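Chemist: Below is a structure I'd like to ask you about.
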Amino acid sequence: MSFQKKLLAFAAVSALSAATAVPAMALENEFHGMFKFMGYQTNALAGGDTGDILRKDAHSGFFAEQRARIMYIAKANDNLKLVTHFELDTRFGGIANSHTGTSSYKGTTGNDGGQLDADSLTLETKNIYLDFNEPATGANFKVGMQPWADAYGSLFLLADMTGAIGTKKVDNFTGQLGWFRFDDNTLANDKTGPGQFTADLIVADGKFAVNKDITVGATYYNVQNDTGLAPAYELLHMVGVNADLNVGPANIKPFAAYQWGDQNSAKDISAYMAGAVAKVKTGPGAVNLSGFYLSGDKGGTNNNAFQTIAASTTYFNPANMWILVRPNQAINTSTSLTGNDLTVGGRGAIGVFGGYEGAMGKTFYNANVGYLRTAEARGTEKKSLGTEVNAQVGYKIYDNLSASVAAAYVFLGDALSSKTTADRIAGYAQTADADNPYLFNVQLSYAF
Amino acid sequence: MKRSLVATLILLGTLLAAAAASASTIRAYIAEFTVSPADNGNLKNTLQRLLATRLAGDGIVTVDTPAEADVIVSGSYTTLGKMFSLDAIAKSAAGKQLGTAFEQGESMDVLIPAVGKVSGKLKGDIVKQFQPAAAALPEAPAKAPRADIVRPSVAQEVIKAPASSEIVRSEATAGWISQRLPGVYSGVATWGTKDFVTADDKGIHLYRPGGKLDLVTEVILPDRMKILALDAMGPEANGRVLVFVTIMDRESISSRIYALQNDTLKVVAEDIPYMFRTIAPYGGAKKLYAQQMGRNDDFYGDVYEASIVDKGVKLSNPIKMPRFANIFNFNLFRDQSGKSYLATFSDSGYLLVYSDTGEELWRSSDKFGGSETYFQRRDWENERTNMTPFRTRFIEQRITVTEKGEILVPQNSGFFVLGNLRSYSKYSVVNFAWNGSSLEEKWRTKQSQNYLADYSYNPASKELVLLEVAQKDTFGGKGGSVVRLLGIE
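Residue numbers (my numbering), protein chains in the order written: chain A, 1 to 448; chain B, 1001 to 1489.
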């Protein structure tokens, strides 16, 4: 190396050291993220959210998809941070916008980069909110587009919404008060003025830790829907109680809630739900048990059907199902036998699920069985929707990277597969004598 | 070519100017004068101030602390009978004498002129004799200290002058190092003897250092159990040592206590719903502490002093944990007036000091601690948001208070810490002392190119047992660990 080059190199290194020696800025950057690859060989899914495909002689095929999430948190200090969370979904090969007259599940081709030469607008915004502790009261506030989950296994609502929520902890009591506006149908610059066609959710939640093994909670949710878009209901109140208990080797989370309100000016709502999730240490692993009851009606003058905000924002992850109930591991394609509508169009539902999970070193496994039926039959409809068996085996390649394979098979109930039209539930059953749906899943999951 | 030459000249010019600027200023610290016999009317401070103002100038600036000085001037004022003598000596930071001066007289009236004369002579000597530290030390480097501890004030002395070579040689690493142990270890505990127990993902292992590290005995735990922490108390009068193993068994705490006697480990109690940690609060006797895990809170309620009675755990003297503190990451120390403080790490890794009323008093600018040991709890309410069924919680490093009341903390750093993915690659152990308002770093060990999983301080031998991970367990590999024993005095 010539002297001149050496000198230049030295000068460059000095400049770099000077740049990096600048004192740490007050702002701290925190990154989280995930990447998941899913491959499916199935006769029930085609890379869409609408619902499982239930056909006679259903075709089996393979498709693959991926999801990445990037979370960036700008942390000013321990009491103030801005949380941003983005999502990038892609089906391998892209998603057809329109093929044989069917439109894609994302609506535009511009939202998926899986086609030839990739370049597409793929970035979706999930969350942007400010998370801060108010120094005078010590209360925590989250303001903005944020995730929220109910205390009822997400059977009512789990969604990203715009709103504000305050949380205050006093000894063993944690109280929460929140407001979310999940729909504002007022046109921009509309002369009607702001806030006229809106849907709001108000949340009051209290949790009390009696001791380390017992936490009890009570909630009140209120939904007022004035969007004028023929909502499922205009006013809904929901009160509920829940608990989280350790009893010997078992952890049990029971919950129950009652709903009342106005479907419209002429029709009232009176509905309830109950459920429980349990995990019992057994052998080298644990037994998982869960179940729920959502009230329904026969479609008469009374509305006794359990209400949600939207079917697309309900889950029941503890079920550990792949087809009966949407899987907790699902990414872009996230649907179920009833298109995620666990209320089955107001009929209500009863689901019971059981399974065993465990790990041997870096290998993990689980096997589950579940049964789902409607609570009420309308007309001559049958109640049985199906019985699922599934199993999954995985390997932790690194602490945060795991690979797994899973298989699931559903024995369809008469309500979805009967040869007799009167037995089947219209709108959910698609054809007579539909094939039993199944899927094989291969997955690569990385989260940090 | 012309352009690059001009650029080179500009860069060279800038560098030379910077070098010249720094070389032309000598930073001098004037120490407090010693006055004998007894100080008369705060003479020592007056003389210090007088000398400082007179010495400043002509390329010398005075500074407030010896740490930032190139030259340290110490002086004395002695009276014998009617005569006084004013003596001063200037030394480089490395201890080399640069000049001396004295003046004597009979009355206080001539004292001020005497200070002027002394300063004038010293100034001349300092400017003439002083050479920048690097150039002044071509001689043999100072002998490596017993432990490879880097003390801030001495640091300059052990950096070799880059006189003729571009190779910077490091001193050989001090301390005793074990052979490579296969597997990634996560915990270590000592109890005052040479033996120690370690934990990995298989179980706990008792080792005895000699020529090499000998495995004395071990206990293999069921696969589903994950060891979160390892601590030991004893030995009791009969030589029995109690080993506390904090275990997470399928999302709940199911700890075990083993008795170590005659080189065998026996279970005393198991399936205990407490997390354990032994610490020596205020640098005193080691005590056992316990905390519970709640359904919603990972660390539920207060931390209690614990004792083992009839195989059961008896709790007493609860300590309220301030924000961020839990059983694994706290310790207590006192200042000179006896006031109690609590030290802990924040979630982001800053070292914090709380008053006894729970008020945060100080936090470090750098991050300390840092651990790759974690536990996970099922969090199905947030699974869709987090895209992982688990919530991950890292267990912070121990904070040790030495018998001097000083604080020892490790500092893992390097490579990356990203979200819940942590991979540290180097560490130092840092010693702090509380000066009434902040923790002041006194020394740190030489940086090691490994991740420090855990450590234990043995106050009897003033020795650190450092459990280092030399190689992480990557796909197909088991990884490797080493134990280093390092005296710190």
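The beta carbon of each residue, even a glycine, is placed where N, CA and C say it ideally should be. Here the structure is a predicted model, which means the values were calculated and not measured.
Check for me: the beta strand (DSSP E) holding B:R1444 runs from which residue to which?
Modeler: Where B:R1444 is concerned, the enclosing beta strand (DSSP E) stretches over L1439 to T1445.
Chemist: Pull the bridge partners of B:T1190 from the DSSP assignment, please.
Modeler: B:F1196, per the DSSP bridge assignment.
Chemist: Looking at the C-beta of B:T1193, does it have a partner C-beta in chain A at a distance below 7 Å?
Modeler: Not an interface residue.
Chemist: Checking contacts by CB at 7 Å: is A:S17 closer than that to chain B?
Modeler: Its pLDDT being 42, under 50, A:S17 is placed unreliably in this model, and the coordinates cannot settle the point.
Chemist: Over what stretch of residues does the beta strand (DSSP E) that includes B:S1365 continue unbroken?
Modeler: That run of the beta strand (DSSP E) goes E1360 to K1367.
Chemist: How would you write the range of the beta strand (DSSP E) that B:R1484 sits in, first residue to last?
Modeler: Note, B:R1484: beta strand (DSSP E), G1480 to G1487.
Chemist: Can you name the start and end residues of the alpha helix (DSSP H) that B:P1209 belongs to?
Modeler: It is not in any alpha helix (DSSP H) - B:P1209 instead sits in the beta strand (DSSP E) that spans G1203 to P1209.
Chemist: If you drop the 5 nearest sequence neighbours on each side, which residues of the same chain put their C-beta closer than 6 Å to that of A:G299?
Modeler: Hits under 6 Å: R378.
Chemist: Using a Cβ-Cβ distance cut-off of 7 Å, determine whether B:L1361 contacts chain A.
Modeler: For B:L1361, the answer is no, since every Cβ of chain A falls outside 7 Å of its Cβ.
Chemist: Can you round the beta-carbon distance between B:L1098 and B:I1126 to whole angstroms, since I take them to be within the 8 Å contact cut?
Modeler: The pair is a contact, with the Cβ atoms about 5 Å apart (cut-off 8 Å).
Chemist: When the cut-off is 7 Å and only beta carbons count, does B:F1421 lie next to chain A?
Modeler: The sequence as given places Leu at residue 1421 of chain B; Phe does not occur at that position. Cβ-Cβ to chain A under 7 Å: yes for B:L1421.
Chemist: Return the CA-CA distance between B:I1204 and A:E87, expressed in angstroms with no decimal places.
Modeler: Computed Cα separation, rounded: 43 Å.
Chemist: Per DSSP, what are the beta-bridge partners of A:H237 in this structure?
Modeler: Answer is A:N222 and A:W260.
Chemist: Near A:N264, what residues of its chain come up, given a Cβ to Cβ distance below 8 Å and the 5 sequence neighbours on each side ignored?
Modeler: Excluding positions up to five away in sequence, the list reads Y233 and E234.
Chemist: Pull up the CB-CB distance for A:T162 and A:F180, whole angstroms please, since I reckon it's below 8 Å.
Modeler: Yes, A:T162 and A:F180 are in contact; Cβ-Cβ is about 7 Å, under 8 Å.
Chemist: Nearest-angstrom Cα distance between B:D1201 and B:L1342?
Modeler: B:D1201 and B:L1342: Cα-Cα distance of roughly 31 Å.
Chemist: Run through DSSP, which three-state label would B:M1083 get?
Modeler: If DSSP states are grouped into helix, strand and coil, B:M1083 belongs with the strands.
Chemist: Let me make sure I understand the geometry here. Which of A:Y272, A:G339, A:G351 and A:T387 has the alpha-carbon closest to that of A:S290?
Modeler: Closest option to A:S290, Cα to Cα, is A:G351.
Chemist: Listing by chain order, which chain B residues have their CB less than 7 Å from the CB of A:P147?
Modeler: The answer, in chain order, is T1385.
Chemist: Sort out for me which residues DSSP pairs B:G1105 with in a bridge.
Modeler: Note: B:G1105 sits in a beta bridge opposite B:F1084.
Chemist: Does the structure place the stretch 166 to 181 of chain A close enough to the stretch 207 to 217 of chain A that three or more beta carbon pairs sit under 8 Å?
Modeler: At 8 Å Cβ cutoff, the stretches touch.
Chemist: Closest to B:A1101 by C-alpha separation, out of B:S1119, B:D1310, B:N1382 and B:A1093, would be which residue?
Modeler: B:A1101 has its Cα closest to that of B:S1119, out of B:S1119, B:D1310, B:N1382 and B:A1093.
Chemist: DSSP three-state label for A:P284, please.
Modeler: It is coil, neither helix nor strand.
Chemist: Is it buried or exposed for A:K279, if we count other Cβ within 10 angstroms and need 16 for buried?
Modeler: Buried: at least 16 other Cβ atoms inside 10 Å.
Chemist: May I ask you to report which of helix, strand or coil DSSP gives B:R1422?
Modeler: Reduced to three states, the DSSP call for B:R1422 is strand.
Chemist: Counting only Cβ pairs nearer than 8 Å, list the residues of chain B close to A:K36.
Modeler: Chain B residues near A:K36: M1387.
Chemist: I want to verify the contact list: residues of chain B whose CB lies under 9 Å from the CB of A:Y40, in sequence order.
Modeler: The premise fails here: A:Y40 is roughly 18 Å from chain B at the closest Cβ pair, so nothing lies under 9 Å.
Chemist: Cβ of A:S324 less than 7 Å from any chain B Cβ?
Modeler: Looking at the sequence shown, residue 324 of chain A is not Ser but Leu. Chain B contact via Cβ: absent.
Chemist: If you drop the 5 nearest sequence neighbours on each side, which residues of the same chain put their C-beta closer than 7 Å to that of A:D297?
Modeler: For A:D297, where only same-chain residues beyond five positions count, the Cβ hits under 7 Å are N303, N304, A305, G346 and E376.
Chemist: In its own chain, which residues sit with a C-beta less than 6 Å from the C-beta of B:I1399, not counting the 5 before and 5 after it?
Modeler: Cβ neighbours of B:I1399 beyond the five flanking positions: N1331, A1343 and V1409.
Chemist: Against chain B, does A:F448 count as a neighbour if the rule is that its beta carbon must be under 7 Å from one of theirs?
Modeler: Yes, contact with chain B.
Chemist: I'd like to know whether the C-beta of A:P318 is nearer than 7 Å to at least one C-beta of chain B.
Modeler: For A:P318, the answer is yes, since a Cβ of chain B falls inside 7 Å of its Cβ.
Chemist: Rounded to whole angstroms, what's the CA-CA distance from A:M38 to A:I73? Just pull it up for me.
Modeler: So the alpha carbons of these two residues sit roughly 27 Å apart.
Chemist: Have a look at A:W260 and A:M273 and give me their C-alpha separation to the nearest angstrom.
Modeler: In a straight line, the C-alpha of A:W260 is about 12 Å away from that of A:M273.
Chemist: Please classify B:S1036 as buried or exposed, where buried requires at least 16 neighbouring CB atoms within 10 angstroms.
Modeler: B:S1036 should be labelled exposed.
Chemist: With DSSP collapsed to three states, give me the class of A:S418.
Modeler: A:S418 falls in the coil class under three-state DSSP.
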